[in-house]
Amino acid sequence: MSGSPVLLNKHEVERLLSYDDLIPRLESVMAKFSKRDSSEIIQPVRSVVPIQQHSGFLGVMPAYLAAEGILCTKMVTFYQRAEGSSLPSTQATVLLFHPEHGNVTAIMDGEAITAKRTAAVSAISAKLFKPALSEVLCILGSGQQARSHYDVFTKLFKFKEEAVIGADVIVTATGASQPILFAEWVKPGAHIAAVGACRPDWRELDDVLMREAVVYVDSREGATAESGDIILSGAEVFAELGEVLNGCFPAQREKTTVFKSLGMGIQDAVSAKLVLEKWNSEH
Numbered sequence: 121m122s123g124s125p126v127l128l129n130k131h132e133v134e135r136l137l138s139y140d141d142l143i144p145r146l147e148s149v150m151a152k153f154s155k156r157d158s159s160e161i162i163q164p165v166r167s168v169v170p171i172q173q174h175s176g177f178l179g180v181m182p183a184y185l186a187a188e189g190i191l192c193t194k195m196v197t198f199y200q201r202a203e204g205s206s207l208p209s210t211q212a213t214v215l216l217f218h219p220e221h222g223n224v225t226a227i228m229d230g231e232a233i234t235a236k237r238t239a240a241v242s243a244i245s246a247k248l249f250k251p252a253l254s255e256v257l258c259i260l261g262s263g264q265q266a267r268s269h270y271d272v273f274t275k276l277f278k279f280k281e282e283a284v285i286g287a288d289v290i291v292t293a294t295g296a297s298q299p300i301l302f303a304e305w306v307k308p309g310a311h312i313a314a315v316g317a318c319r320p321d322w323r324e325l326d327d328v329l330m331r332e333a334v335v336y337v338d339s340r341e342g343a344t345a346e347s348g349d350i351i352l353s354g355a356e357v358f359a360e361l362g363e364v365l366n367g368c369f370p371a372q373r374e375k376t377t378v379f380k381s382l383g384m385g386i387q388d389a390v391s392a393k394l395v396l397e398k399w400n401s402e403h
């Protein structure tokens, strides 16, 4: 327990964090989380401080992974920006702590971690749920999440076309608070990874789509507390991604599926640990 914390900017985090290394760790930690062993993983639901005067909020996402020796928290702000604003809507910082002594070991940019781990988890959902013959990809969104999803989906999967109508895989990565994707547009058997709308009164998907699809989530507790797509539609959660990875629930590829992603502290934690490991190996 000595020395100053390692400080890593966005460029360094992006360079050090590869999808090839990240995806297996995310699969492992989400499977462990869904076993609900409280001595193994402690992750409360995200704590949110509304900043209504400025149309924003502060979220805090702590996690402790005992076996991996990871103690971490991410602090993230989200602000609704006026059209044409040069300011990012989301900003984040991740802190790693020494789990035995409590000192800060690393402070790193959280935007790159959030973008890459979110896209990686969506790619895991696509591996599990997308139709066997998936040729058409649709990404709704234009920000960093949309770009990171495009990067990993085109890296892992071979699509012949990018379109909305007839898409086999659809990603919604928007700042929308009202539905922007409707059941009538969605091909039967398609897979949707919905990563926007992280507040109880925000949504990206319409009621019909949510109620007719088989709905998977990253965390039941998080989804039922924070996801407007689930809360406002009254849709039933079929299973967590980790429960499918554990073999407890099936991946219903033959049906239209929705993976509602809200993000988890454990995802940030294993991502940050991987970044620090890579940095340490170079120094």
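In case it helps, our numbering puts the sequence shown at residues 121 to 403. Quick reminder that beta carbons are idealized off the backbone N, C-alpha and C, glycines included. The structure displayed is predicted, hence computed values, not measured ones.
Asked	Found
State the start and end residues of the unbroken alpha helix (DSSP H) segment that holds Phe153.	139-153
Measure the beta-carbon distance from His174 to Ala246 and round it to whole angstroms, keeping in mind my assumption that it falls under 8 Å.	Contact doesn't hold; Cβ gap of about 36 Å is too wide.
Establish whether the CB of Lys250 and some CB of chain C are separated by less than 7 Å.	Here there is only one protein chain, and chain C is not present.
For Tyr184, which residues from the same chain have a beta carbon less than 6 Å from its beta carbon, with the 5 sequence-adjacent residues on both sides left out?	Ile162, Leu191
Leaving out five residues on either side along the sequence, give the residues of the same chain with a beta carbon under 7 Å from the beta carbon of Gly309.	Pro251, Glu374, Lys375, Thr376
Could you name each continuous beta strand (DSSP E) segment of 3 residues or more that falls completely within the segment 146-204, going from the start of the chain to the end?	167-171, 176-185, 190-199
By how many angstroms is the C-alpha of Ser209 removed from the C-alpha of Arg331?	30 Å
Evaluate His218 with the Cβ neighbour count: other Cβ atoms within 10 Å of its Cβ, from every protein chain shown; 16 or more gives buried, anything less gives exposed.	exposed
Looking only at DSSP bridge pairs, what is Ile350 linked to?	Answer by DSSP bridge pairing: none, since Ile350 is not bridged.
Going by other Cβ atoms of all chains shown within 10 Å of its Cβ, with 16 needed for buried, is Lys194 buried or exposed?	buried
Would Ala359 and Tyr336 qualify as a contact pair, given that the criterion is a beta-carbon distance under 7 Å?	yes
Measuring only the C-alpha atoms, how far is Gly383 from Asp229?	16 Å
Measure from the alpha carbon of Met150 to the alpha carbon of each residue in Asp349, Phe302, Ser391, then state which is nearest.	Ser391
What do you get for Leu394, buried or exposed, if any count of 16 or more other CB atoms within 10 angstroms of its CB means buried?	buried
I need the straight-line Cα distance from Glu188 to Ser124, nearest angstrom please.	22 Å
With distance defined between alpha-carbon atoms, name the residue in Leu215, Ala186, Ser206 nearest to Val196.	Leu215
Provide the residue(s) that pair with Ile227 in DSSP beta bridges, ordered along the chain.	Leu127, Leu215
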